[in-house]
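See structure below.
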Amino acid sequence: MSQFKISNRFLQLEKQAASCRLCPKLADETAILSSANGSLDASIFFIAEAPGRFGAGRTGVPFQGDRSGDNFEVLLKHIGLIRSEVFITNAVLCNPLIDGNNRRPSAKEIKNCTSFLKESLDIIRPKVVVTLGTVALNAINQILSTRFQLSQNVAQSISMPDFKLFPLYHPSPRVTNWKRPMAQQKKDFSKIPI
Ligand code: URA
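Going by the numbering used here, the sequence shown opens with residue 194, and the numbers climb by one from there.
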């Protein structure tokens, strides 16, 4: 299929995401899915949780503008990659908020958004899918009908029919300060089969 057709398919997906009203609490939020997510030719596809209030929810670019994004950029640089070489999206495309603060997306919101994730994967056809955190891993589990767990499968390259799945922790300060420090996350990122 030519790049032109692929891009048309992505533009169509972008429009569908922009007009999606499936989640009552997210209906007025902006879906973050556009050419700013990265390259459609990327062989590495990162999935995070959801746009953050100070990050993608404000800048329109996944992992840009907040501390999670700053950490992500450090990790990406550590393995010699730049944003334009990869594709970055979220399990849930809209910013889930409660009283003006970020909240975890609900199971229903994750399920509602899997069709966008699946279609993005079908369009880009990456060699490696890196999930960042449990929400992203759960979303991919729903698509693949698998039951991978971060605690058991972290930094393992798992061969799936269409790509290698590589589960990692989320780079948010909440995780890097308490659960998976940046030094360890750098080691994890270095194992991504690029
Ligand atoms: N920004 C994103 O785009 N995703 C996250 O999961 C966190 C911050």
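Ideal Cβ positions, reconstructed from N, Cα and C, are used throughout, including at glycine.
Kindly give me the distance between the Cβ atoms of Gln335 and Lys372, rounded to whole angstroms, as I take these residues to be in contact under 8 Å.
Not quite, the Cβ-Cβ distance comes to about 23 Å (not below 8 Å), so this is no contact.
Where does Phe256 sit, in a helix, a strand or coil, going by DSSP?
coil
Can you tell me the Cα-Cα spacing of Ser344 and Cys213, whole angstroms?
33 Å
Rounded C-alpha distance that separates Arg318 from Val279:
12 Å
Where the beta strand (DSSP E) through Thr324 begins and ends:
Val321 to Leu325
Any non-hydrogen atom of the ligand URA closer than 7 Å to Ala243 Cβ
yes
Thr282 by DSSP, collapsed to three states: which one?
strand
Assess, as a yes-or-no matter, whether the region 309-317 is touched by the region 248-268 under the definition of 3 or more beta carbon pairs within less than 8 Å.
no
Unbroken beta strand (DSSP E) run spanning Leu358, endpoints
Lys357 to Leu361
Out of Thr252, Ala210, Arg367 and His363, which has the shortest C-alpha to C-alpha gap to Ala241?
His363
If the criterion is Cβ atoms closer than 8 Å, does the pair Pro255 and Ile272 meet it?
no
Assuming Gly231 and Asn288 form a contact by the criterion Cβ under 8 Å, report the distance between their Cβ atoms to the nearest whole angstrom.
That pair is no contact at about 19 Å.
Lys380 versus Val323 - alpha carbon distance:
14 Å
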